[in-house]
Amino acid sequence: MNIFQSIISQAIVNGVSVETIVLLLLLPLVVSIVAAARHFIGFRGFGILIPATISVVLAATGVVNGILVFLTILAVATFARMVSRKLKLQYLPRMAVVLWFVSLGVLAMIFIFPTTISIFPILILILLAENFIEVQIEKSFREAVQLTLETLIIALIGWFILSLKSLQQFALTRPEIVVLVPLVFNVILGRFTGLRLFEYWRFRRLLRR
């Protein structure tokens, strides 16, 4: 038993749940996948933290429930932005109004479709609505939708990784590998300076000349 396994065993004895330990061990791997999707493949999405966070939320709530709540929040946030725009409010009060609408919208959804989802994943998804609205304000609704779809695709990949039982078991039995591999991977990835895969497709006609 190495030092990583000893620490994990002691944490479990002290009452830390196995699910929490597995999640923390696999989170750097999920973040690395998000980084690769953006830096090497060419996805954009909402940064690195948000897709990884949504992956964790989907793992906690279930993929169907999580996506439904997420889409509901975005729909209500878009409606709220349209309403608040007519009020001609400054940015911060406007975002407060948007989150007010979103909170009531999620509450109504829970009343209509009772669910056992914990409040914390819902709160995380509600807070992510701010990024969606920011893009709408600064760019366009179409751009916001496109970034949201790309974020959701990356998050689903991360959720799939987190939901693999074999990987969860491996994380508990060989935690040192799960901890070190993402670090090495990102050091290698960070030295890549070529075109992204999507850019090869985008500029394929120029590259053929």
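Counted from 1, the sequence shown has number 14 at position 14 by the UniProt record's numbering; the numbering is strictly sequential.
Glycine is no exception: its CB is placed at the ideal position from the N, C-alpha and C atoms.
Since we're looking at a predicted model, the values are computed, not measured.
- Straight-line measurement puts the Cα of Phe111 at about 12 Å from the Cα of Ser103.
- In the three-state reduction of the DSSP assignment, Asn186 falls in the helix class, which pools H, G and I.
- Look at Gln168 here: in three-state DSSP terms it is helix.
- In the three-state DSSP reduction, Lys86 falls in the helix class (H, G or I).
- Listed in chain order, the non-local C-beta contacts of Ala60 below 6 Å within the same chain comprise Pro121, local neighbours out to five positions each way being set aside.
- Excluding five sequence positions before and after Val34, the CB atoms of its chain that fall closer than 7 Å to its own CB belong to Ile48, Pro51, Ala52, Ile154, Gly158, given in chain order.
- For the 8 Å CB-CB criterion, Ser9 and Phe185 do not form a contact.
- At the C-beta level, Phe4 and Val179 come within 8 Å of one another.
- Annotated as distal: Met109 and Thr78, with beta-carbon spacing of 8 Å or more.
- Val57 and Leu25 have their C-alpha atoms some 16 Å from each other.
- Excluding sequence positions up to five before and after Val97, its CB lies within less than 8 Å of the CB of Ala80, Val83, Ser84, Leu87, Leu89, all in the same chain and listed in chain order.
- Note that the C-beta distance between Ile161 and Leu29 is below 8 Å.
- Annotated three-state conformation of Arg202 is helix, per DSSP.
- For Val16, the three-state secondary structure derived from DSSP is coil.
- The Cβ-Cβ distance between Leu74 and Ala129 falls below 8 Å.
- The Cβ-Cβ distance between Phe70 and Leu125 falls below 8 Å.
- Runs of the beta strand (DSSP E) spanning 3 or more residues and lying entirely within the stretch 125-164 do not occur at all.
- Annotated as distal: Leu197 and Ile54, with beta-carbon spacing of 8 Å or more.
- If you ignore the 5 residues before and after Val76, its C-beta comes within less than 6 Å of the C-beta of Phe101, Val102, Gly105, all in its own chain and listed in chain order.
- Annotation: Arg44 is outside any alpha helix (DSSP H) and is labelled neither H nor E by DSSP.
- Excluding the 5 residues flanking it on each side, Ser166 has no same chain C-beta neighbour closer than 6 Å.
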